[in-house]
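Note sheet for the following structure.
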Amino acid sequence: MILNEETKQSLLDLARNKGVYLEGNILKVIVPDDPQFSRYLEEARTRDASMRRKRLEITRQVQTQNLDLHEAHKKLEQALLEAENAKSAVEQDLSILQKKTQFRLMHRIVNLSLAVVASVGFISTAVYIFALSRNVDVEHIGTTWASLTGILLTNSFSILGTIMGVKYASERADKD
Amino acid sequence: MLIDSILLVDDESLFHLVFEDACNLLDITLQLMTVTSTDEAEKLCQKWLNNDMKKPDCVFVDLNIIGSSVDGIELVRRINVNYGNGVVIGIISSSTDKKEISKATAAGAQFWIVKSDDIEPRLMKFKEDYEGYKNKTIPFKVYS
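Each protein sequence line maps, in turn, to chains Z and V.
With our numbering, letter number 59 in the first sequence gets 59, and the count goes up by one each step, no holes.
With our numbering, letter number 74 in the second sequence gets 1074, and the count goes up by one each step, no holes.
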């Protein structure tokens, strides 16, 4: 491609006055036909190549940063996943610990209650037997022993019922 | 030899810029068309068939193109079978998997350029060999 004199002059003026040069692939197809325009094209090509080299460098940097960013994102996702897993493991451990504590407490309460029931039952029965063996009037003691035994049995079943209820409720909560 | 027009099929837009600047600095081509999927590339191929658009002289296809219905090798095969006929075509990929390379050869790829930071020397060698690819006088080559 050969440019006419007027176009060449306009391009030369533009370069001289404003420092603006042709750039891009058009520089590859223009054929210089005079020394001045040849120098202009040479300068334009040098500037274009320098600009493209800079852009290439920046694009490469962005590419590398992009790659790093992508890697960092992957690592972050992996770390998040690990944190989630750790969190659910801790939650599970905590739940087991809570249940263990509850069962220990229940065990203690039941043992204590049963000990009280058994002690009261044992003492009252011992007193009743003692009274019977001494041939003393056991009318009042007998009535009291009978009602006390009834109350103790009722309380024992009540404790057992409460334990079964709590157990059922815990199992159901686990299933839900 | 300056290649009139090149089509680059690659999903990575940043690589389009790298490729464009490298081609410009090495005086490889006058016109570079870029698309980001094999589907877009096939639409262009359809235009070549209908004579709505001039066929590029050379096509560079990435191996794995995210968001495309087919991979790069299948596109190479389709271009060769359905649209190509005379187009110099090859793969440009960061992969050096021998299985993939042999699959590309079977699909009709004429070259394989390994994509990396230092792509200019490979493109320069390709430019030197281009005439041979055009005349089908040189065999398949890997630029790594």
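Cβ atoms here follow ideal geometry from the backbone N, Cα and C, with glycine treated the same way.
Contact set between residue i and chain Z, taken where Cβ atoms lie within less than 8 Å
i: L1030(V); result: N25, K28, V29
i: D1010(V); result: What D1010(V) touches in chain Z: nothing, since even the nearest Cβ is about 12 Å away.
i: L1002(V); result: K28
Residue-chain proximity (residue i, chain V), Cβ-Cβ < 7 Å
i: T59(Z); result: yes
i: L56(Z); result: yes
i: A173(Z); result: no
i: A49(Z); result: yes
Chain-ordered neighbours of residue i on chain V, where CB pairs are closer than 8 Å
i: R53(Z); result: D1021, L1025
CB contact check: residue i to chain Z, cutoff 7 Å
i: L1007(V); result: no
i: L1017(V); result: yes
i: L1014(V); result: yes
Beta-carbon separation (whole angstroms), residue i vs residue j, contact threshold 8 Å
i: M1(Z); j: V20(Z); result: The Cβ separation is near 19 Å, so there is no contact.
i: I1089(V); j: G1108(V); result: 7 Å
i: L1026(V); j: D1004(V); result: With 8 Å as the limit, L1026(V) and D1004(V) do not qualify as a contact, their Cβ atoms being about 15 Å apart.
i: D1117(V); j: R60(Z); result: 6 Å
i: I1092(V); j: K1115(V); result: 6 Å
Neighbouring residues, chain Z, relative to residue i (Cβ below 9 Å)
i: D1117(V); result: R60, Q63, T64
>> Which complete beta strand (DSSP E) runs does the segment 1019-1083 of chain V hold, if anything under 3 residues is left out?
In response: 1029-1035, 1058-1061
> Taking contact to mean at least 3 C-beta pairs separated by less than 8 Å, is the segment 1042-1055 of chain V in contact with the segment 1076-1084 of chain V?
Replying inline: yes
> Is it true that the segment 48-60 of chain Z meets the segment 1007-1020 of chain V, where meeting means three or more beta-carbon pairs spaced less than 8 Å apart?
Replying inline: yes
> Between the segment 96-116 of chain Z and the segment 157-175 of chain Z, are three or more C-beta pairs nearer than 8 Å?
Replying inline: yes
>> Quick test of the definition: if touching needs 3 or more C-beta pairs under 8 Å, does the segment 31-41 of chain Z touch the segment 2-13 of chain Z?
In response: yes
> Of all the alpha helix (DSSP H) runs that stay within the bounds of the segment 6-65 of chain Z, which reach a length of 4 or more residues?
Replying inline: 26-29
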